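Quick notes on the structure that follows.
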Amino acid sequence: MRFLRLTVVWQTAVVFVHAAPAEIFNVTLARELIEEANLRLLARDDPVPGVKWTVHRQSCSERINRDTNQLDPDPKKLEAILSAVEQAKSRAKVAAELLGKWKVDCAGINFPGGENDKIKKQCQLLFDSGQGAGTFPAKCDRAIMYFSAVANIEGPIGKDSSPSYSDSTEWNSLANSQDRSHWRNFVIYCHPQLSAQTVRLYDKDYWWDNAQDRGIDAQKPIEQNALLLMRTEYERGKFNDDRRIYSAITTLSDRVLVDFEKVDGKEVITAERARIPAAITLHPLQLDMLAGNNYGFIPDTDFDNALKNPKGVGIDRPSIDNYVGLVEMLLHEMLHTPGLGKMVDPPNEVDAYGWQAMRRTKNMDAPDFYVYLALV
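With my numbering, you'll find the sequence shown wraps up at 374, consecutive numbering, no jumps.
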């Protein structure tokens, strides 16, 4: 089953800093913290080690019963999320290992014959190694950097605790850590966590995002508010436009939560605290559709056949795109998060998604590049 995958990195929201009384509120330090957080939010970084993740257990363990309009338990959804992350990690590890071998063995050109070399040639098309043997090792090294970071993410944090996952003591302790490394971590949601009603703040209406504790301008059209669109579509049980499905959205928190401690006898702000620094929210209606197709998990034999003829019957529907499921969706979204590179989808949708787009653009700054490189 093939879906148009429109993913969004949302970096704008209202920041509310809970101010202390004037005599203990260090405005200069507060401003510096906000500026530091915003610079880090907007900067494009290389992936870093030690990225941790967890899942929002409640949203990923239930689904709407269309007959009763009530939420029913859905433990298989949570199992699918956990399995998909592990498969994405495994696929990234294998990709990093193979790229390391290939760049040494043949510098990406002049492959001999054989079934395995057909797959190598697909990588060759993505890397555009026809530019010369010297470009292939450098591109391999860059891809290896991202794949290695994904392969080594740690989690799910709090899996065996009670409360578990994002509600666990282990996850909350990361948000309170003194080394301020929590910015690199992320949580997976299976349903938008928006308030049921708008809230009025500073003479303006906001939808409140409970996942990241922030306000989202309610005046925005629903087409520009992906979380609200997701929730509305799921409640209706159908997509507004089957040609434009927001299968997932990765939001980066620009909210600065503050702690105080005494410095020279005065209380000042000393650290930022963002409990959910990055959230991957999967469209619940899309997840229901994927559930009917085993969440896109495919037998190795079927996948091998697709690799031998990735173009398929028509150039607009290459067969390899039919094998993009939950694993690929999560790998794409993870590469949007700060700790794994903070990639941004190309603004032109034609260049952002799919096998043909990646072969044409060979854009190593696009998350889908790594999705298809890992596939082949």
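Glycine included, every Cβ here is placed at the ideal spot set by N, Cα and C.
Model, not experiment: these values are computed from the prediction.
Under 8 Å between C-beta atoms of residue i and residue j
| i | j | result |
| --- | --- | --- |
| HIS281 | ALA246 | yes |
| THR167 | LEU225 | no |
| ALA355 | ASP366 | yes |
| ALA276 | THR335 | yes |
| LEU329 | TYR368 | yes |
| PRO154 | LEU227 | no |
| SER57 | TYR187 | yes |
| SER59 | ASP72 | yes |
Per-residue burial, residue i [other beta carbons within 10 Å of its own, 16 or more giving buried]
| i | result |
| --- | --- |
| TYR370 | buried |
| LEU97 | buried |
| LYS340 | buried |
| GLY290 | exposed |
| PHE1 | Bear in mind that the predicted position of PHE1 carries a pLDDT of just 44, short of 50, making it too unreliable to give a figure here. |
| LYS236 | exposed |
| THR66 | exposed |
| LYS218 | exposed |
| MET143 | exposed |
| ALA194 | exposed |
| PRO345 | exposed |
| ARG55 | buried |
| LYS74 | exposed |
| ARG358 | exposed |
| VAL348 | exposed |
| VAL92 | exposed |
| ARG242 | exposed |
Beta-carbon proximity list for residue i, same chain, < 8 Å, skipping 5 on both sides
| i | result |
| --- | --- |
| PRO47 | ALA147, ASN150 |
| GLY156 | THR52, SER162, TYR163, SER164, ASP165, SER166, THR167, GLU168, TRP169 |
| ASN63 | LEU69, ASP70 |
| ARG140 | MET362 |
Those residues which DSSP pairs with residue i across a bridge
| i | result |
| --- | --- |
| LYS50 | GLU152 |
| ARG61 | ASP70 |
| TRP206 | GLY213 |
| VAL185 | THR52, ALA277 |
| ARG198 | ASP203 |
| LEU192 | ASP207 |
Same chain only: Cβ atoms within 7 Å of residue i, ignoring 5 sequence neighbours per side
| i | result |
| --- | --- |
| ILE274 | VAL185, ALA209, GLN210, SER251 |
| GLY337 | PRO45, VAL46, VAL49, ARG182, ASN183 |
| GLU231 | PHE237, ASN238, LEU283 |
| ASP286 | ARG61 |
Beta-carbon proximity list for residue i, same chain, < 6 Å, skipping 5 on both sides
| i | result |
| --- | --- |
| ALA216 | THR196, ASP203, TYR204, TRP205 |
| GLY294 | LEU288, GLY323, LEU324 |
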